[in-house]
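Q: Supplied in structure tokens, the structure appears directly below.
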Amino acid sequence: METKNVFLGIGVFVVFLIMSMPVVFAQDIQCPSGCECLTEADAYNKSKFEKCSDSVCGYESTRTAKIPKYCYKSGQVRAGVKIGTCLTGCECLTEDNANTKFNGNYEKCSDTACGTYTIQKPDGSQVSAYKYCFREMSQPAQCPSGCECLDDAVAKEKEYNLCNNQKTECTLATGAMGVCFEKPAAEQCPRGCECLTRTEGVNRKLCNNQATSCTTAAGVNGFCYEKLPTIAPFCTYDPEQDKCVNPICPVCLSGTPKCKKFYIVSENIVRDEDTDAQFTVDSFFDVFTELSVDGAGTTYPADSFFDVFTELSVDEFAPGETVCKCVCEPTEEVCPRGCECLTPGDAKEKFGDDMKRCSPDVCGYSTPTTATHAVQPVAKYCYKKLDANECPDNCACLSEEEGKKLNYNLCNNQKRECTMVTGAKGLCFERPVVEICPKGCVCMTIEQAKKRYGDNFEICADKPCYSYVTGSQKINMYCVKEKEEEYVCPEGCVCLKREEGENKGLGICPPGATECMIPGSNERGICFELLQEERCQYNENLKKCTGGCPPGYGCVLRITAGESVVNTETGETTVITPSKRYCECIPKCPDGCECLELSEGENMNRELCLNDDGTAKQCPLSGNNPGYCFKKIDEENCYYDYGKDACVGTCPPGQKCQLNTIYRDPTTGKVTYAECHCKVPPVEECPDNCKCLTKKEGYENGLGFCNNKVTVCDYVITDALTTAAPNALGIPKYCFGEKVYAKCPDNCECMNREEAYKKGYEFCNGVVRECGPGLYCFQIPRVEICGKDTLIVTRRINPKIVSPPAYVNVYLSVKPVKNDIKGIIITEIIPEGLEPAWDYSMVSFDPDVEDKIKRSPVATEIVSAINAKWSSRRPDSWDPDTREAKWILKDKESIKPQTFMYKLKVVGKPAEFKPAEFKLNGKWLLSSGETCPIIGEHIVEIKPAEGWPPCPVSDLELLRYIDLWSKGELTDMQILQAIYVWAKKPPCSGIGVEITEGEPLPMEEVPFT
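Positions 61 to 1069 (the working numbering) are the ones given, in order, by the sequence shown.
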């Protein structure tokens, strides 16, 4: 517990380092001295209003567009800016004056300007700039005597009270802010016990069977009582361990059960912490088809997002919370029985002309391993050998007359008999080859089209003509063709048929009869000059745009920004450059896009249509207002979105877009191919003795699933569900009836979980089976343990697998069954290769290393924490010849339950070690002569070190290693080695593994004891 402050400080420090890293954008030009490259908004916030030039110096990319940046410098005060007043304790100053007055220790009270001041320009002119409210930064109060500065989370875990019952801020050793908490009294209850009053301790056992006085958290005198065992519910999130505990899940109706950790992102979104994939209300069940989340162990399907995260656990479903839930992951589809997943070439080689495709679905992909260059993966399908009466692929079974009538050729030019769907005999005829692209179009990827045509091509159809997967990315191919050259009329002209233009009396655009393509058709026309009154222009009298634009264009109003200054003394505004209004024709949105206001499109989470240079494409709205082109959504389309890893789109009423087929890369686990279909939810009628209810209604009435069978009978659509997830089927209803409990098998016993926990029982045959209200079937162990009626000594080893140099902690737990045992002799035989470290309670380094570690608070606290727990109990007798270590336990009244630890060292240099096992043997002896072996763990496995410790170790690398150590991914010995290398900074020879591009050097033992 003492090291948690260290982790918190390290975490804050690492986050600070990351957040402090500047984001640099490439600039087109270099700003002159005294100027800064900013967007207009950033320049406004920094009180820099004067442009150094009109040239763009860079761009700032947002989700919707690219915003140009210009060179700005401090200039005139803008018109219309609100001037505020300073709060008590703050002064209205320039930043230079604040820095001088407060000796650099200051902060801005708010971002609102409080006044102005005059700046003398080099040319003698004067401009005004803003003042702001500043104050001196106050030093945090230190903790009074008897209190200490802690983080809130650490204090809560230690159950400390606020110092003097008030919140006082202080500075932690890491530099972060903390709060003063009252130090507890010196006399506390032992580990595993708590201080309670006599009333609170009724039916509780005294700690160590003796009355030990203490003071409760409320300040009342009490006694130390043993804590009750904490039993975690099924599949529960433990914030201290940051993982799911008691990961027991019932058997799934389909798929594989798994206890998974989820992070609640928002009210409608959760994130899978194992894969970082986010799931919306609609897409959650595309991945997890059925769920079992009832803490009582009842199995049921859940086709509603709200069944999992709201209906059963409203309190824990809150943004920012982490929860663990039982889910059923879908089983990936394979080929039907009798079929194999093969490429067409492999199927041809195996089955010859007798091959038959079992289904049109792709079952996988294959990439040739002998290729010397990049190749496209080949799709695999389910194939089998033809039955006697079947036709090969691309052939059809027809009567001889029908085949001749259609002018079809015999399949493979052979006469092969088959059975038609009518049952009559027929012949196999070859189907004609159908082109997958329209005439004049070719099936290729967009990249291939750009290489062939440049940007001068167009897609013939929206849907792909072929798809394949490379790695974990799906590549689509489309039918494309080269664009015919377009003829566009110059501004002020319009493309019309010759007859139409001449009938309107329009003149031909100079320099002559220029051909053009009439928008919206494939016909050619002539460019005619629009009459002046028909052109798109700003009418000063009407104060709006008048006239029109060529077909395919719209007239929009534009306003240039003017510039003005304010006299802060008189309040008079002087216009320097007036704003200007004008109108221009801009093209309408292309096919597949629609024109919306920017806020409307973003609120609908729609994707922008972009110009070739990556900027947002503008378009004309009604009322001469400019809008933006957003991509249209296919309202009746259900497909798998590889970017979102989810099924998207909508379906007809009563159906839902759900996952139908999915294949994953066996190495990375990423989706390589998936299909989504619109499906009708299966529902059944309930028997006469059962009712159709939601789970909430059924549980509230004390009912169980009808005949212990999960049957979906209906779906309920609520207003909240319709708003949050229009594509959701609704909350399912099930058939409920009188609850029927299971009968336990002969080798199992029906009991509550607390009783089973105390006895160490497991669930019957590993299955959660409810046998009564709050009761479950538990397996009755039939293993006879030596000394089970007298004394049990259990050994625990940590760590069980080590890489030298290393130390092993061996814990011996003594649990008397009888209460009249006065003495015990425990004997352990230590194998060769493991040496005792009885007196090892202090880590020490070389003097120069020790000095640097003492100057580092983080390293000092880690070493101190390891020292605190590395306390080894010396045996009462140790014979190095026989390798016997003996401990004598005695008590005048009776031996108490206890646990002690001794430490062993893995000796020798790492290079000398090979994978091996050391076995510990031990026994205990009573005065009665009764003796039994020590049970529990007895093997220490040696795994030669691979690349540890690294050398050199930088400050940032040390922080990463400390983070891994705090998560349990590095041992105490490994973190001490990393600290040594970091502090020593020696040449990387004979100390650690040098980090180079070649092979690592052999590791030698780090010189500390």
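By construction, the Cβ of each residue, glycine as well, lies at the ideal position given by its N, Cα and C atoms. What you are looking at is a predicted structure, and each value in this text was computed from that prediction instead of being measured.
Using only CA atoms, which one of E286, A484, A236, M237 lies nearest to E260?
A: Measuring from the Cα of E260, the nearest candidate turns out to be E286.
Q: Using the C-alpha atoms, what's the distance from D102 back to I646?
A: Approximately 29 Å between the Cα atoms of the pair.
Q: Suppose the cutoff is 7 Å on Cβ atoms and the five residues either side in sequence are ignored; what does the same chain contact list for G552 look like?
A: If you ignore the 5 residues before and after G552, its C-beta comes within less than 7 Å of the C-beta of E589, L590, R595, all in its own chain and listed in chain order.
Q: According to the neighbour-count rule (16 or more other Cβ atoms, all chains shown, within 10 Å of its Cβ), is Y642 buried or exposed?
A: exposed
Q: Using the beta-carbon count (16 or more within 10 Å), is G703 buried or exposed?
A: exposed
Q: Any Cβ of chain B within less than 8 Å of the Cβ of L1036?
A: Given the protein chain composition of this structure (a single chain), no chain B is represented.
Q: Can you give the Cα-Cα distance for T634 and D672, rounded to whole angstroms?
A: 41 Å
Q: Give a yes or no on contact between the segment 748-765 and the segment 725-736, applying the rule of three or more CB pairs nearer than 8 Å.
A: no
Q: What's the gap between the Cα of V877 and the Cα of Q958?
A: Between V877 and Q958, the C-alpha separation is close to 13 Å.
Q: Closer than 6 Å by C-beta to K604: which residues in its own chain qualify, once you throw out the five before and the five after it? Chain order, please.
A: none
Q: Who are the near neighbours of D413 in its chain, counting only those whose CB is closer than 7 Å to its CB and skipping five residues on each side?
A: P452, N472
Q: Residues in the same chain with beta-carbon distance under 6 Å from G847, minus the five sequence neighbours each way, listed in chain order, please.
A: C992
Q: When the Cα of A509 is compared with those of N536, L487, K485, which residue comes out closest?
A: N536
Q: DSSP beta-bridge partners for K321?
A: C384
Q: Are K416 and Y441 touching if we call contact CB-CB under 8 Å?
A: no
Q: Within the segment 846-900, note down every full beta strand (DSSP E) run reaching 3 residues or more, in order along the chain.
A: Counting only runs of 3+ residues, the beta strand (DSSP E) found wholly inside the segment 846-900 occupies 851-858, 866-876, 883-889, 894-896, in chain order.
Q: Whole angstroms are fine: how far does the CA of E400 sit from the CA of G820?
A: 47 Å
Q: Quick one: what does DSSP say T160 is sitting in, helix, strand or coil?
A: helix
Q: With 16 other CB atoms within 10 Å as the buried threshold, where does E254 fall?
A: buried
Q: Flag this pair as yes or no: are the beta carbons of L98 and K111 separated by less than 8 Å?
A: no
Q: Mapping DSSP to helix, strand and coil, what is T920?
A: helix
Q: Less than 8 Å separating the beta-carbons of V918 and A1043?
A: Cβ distance not < 8 Å, so V918 and A1043 don't count as in contact.
Q: Between the beta-carbon of C478 and the beta-carbon of C457, is there less than 8 Å?
A: yes
Q: Do you know whose CA, among K265, E219, C230, P250, lies nearest K243's CA?
A: E219
Q: Skipping 5 residues on each side, what residues in its chain have a beta carbon closer than 7 Å to that of Q202?
A: C230
Q: Could you pull out every residue in the same chain whose Cβ sits closer than 6 Å to the Cβ of L556, ignoring the five residues on either side in sequence?
A: G585, F588
Q: Counting along the chain, where does the beta strand (DSSP E) carrying G687 start and finish?
A: 686-691
Q: Going by the beta-carbon positions, is the gap between K793 and V770 smaller than 8 Å?
A: no
Q: For my contact list, T275 and N281 are in at a C-beta cut-off of 8 Å; report their separation, rounded to the angstrom.
A: 6 Å
Q: Do L964 and A897 have their CB atoms nearer than 8 Å?
A: Their beta carbons are under 8 Å apart, which means L964 touches A897 by this criterion.
Q: Given this structure, state the Cα-to-Cα distance separating V387 from P317, to the nearest angstrom.
A: 6 Å
Q: Using the Cβ count rule (16 or more neighbours within 10 Å means buried), how would you classify S352?
A: Any reading at S352 must be qualified, since the residue scores a pLDDT of 39, below 50, and its modelled position is unreliable; no value is offered.
Q: Give the secondary structure of A189 by DSSP, where H, G and I count as helix, E and B as strand, and everything else as coil.
A: Secondary structure at A189: strand, using DSSP grouped into helix, strand and coil.
Q: How long is the line joining the alpha carbons of A173 and P680, rounded to whole angstroms?
A: For A173 and P680, the distance between alpha carbons rounds to 38 Å.
Q: So, I193 versus E151, is the Cβ gap smaller than 8 Å?
A: Rather than Ile, the amino acid found at residue 193 in this sequence is Cys. Contact: yes.
Q: Would you list, in sequence order, the uninterrupted beta strand (DSSP E) runs of no fewer than 3 residues that lie entirely inside the segment 449-507?
A: 455-458, 477-479, 485-490, 502-504
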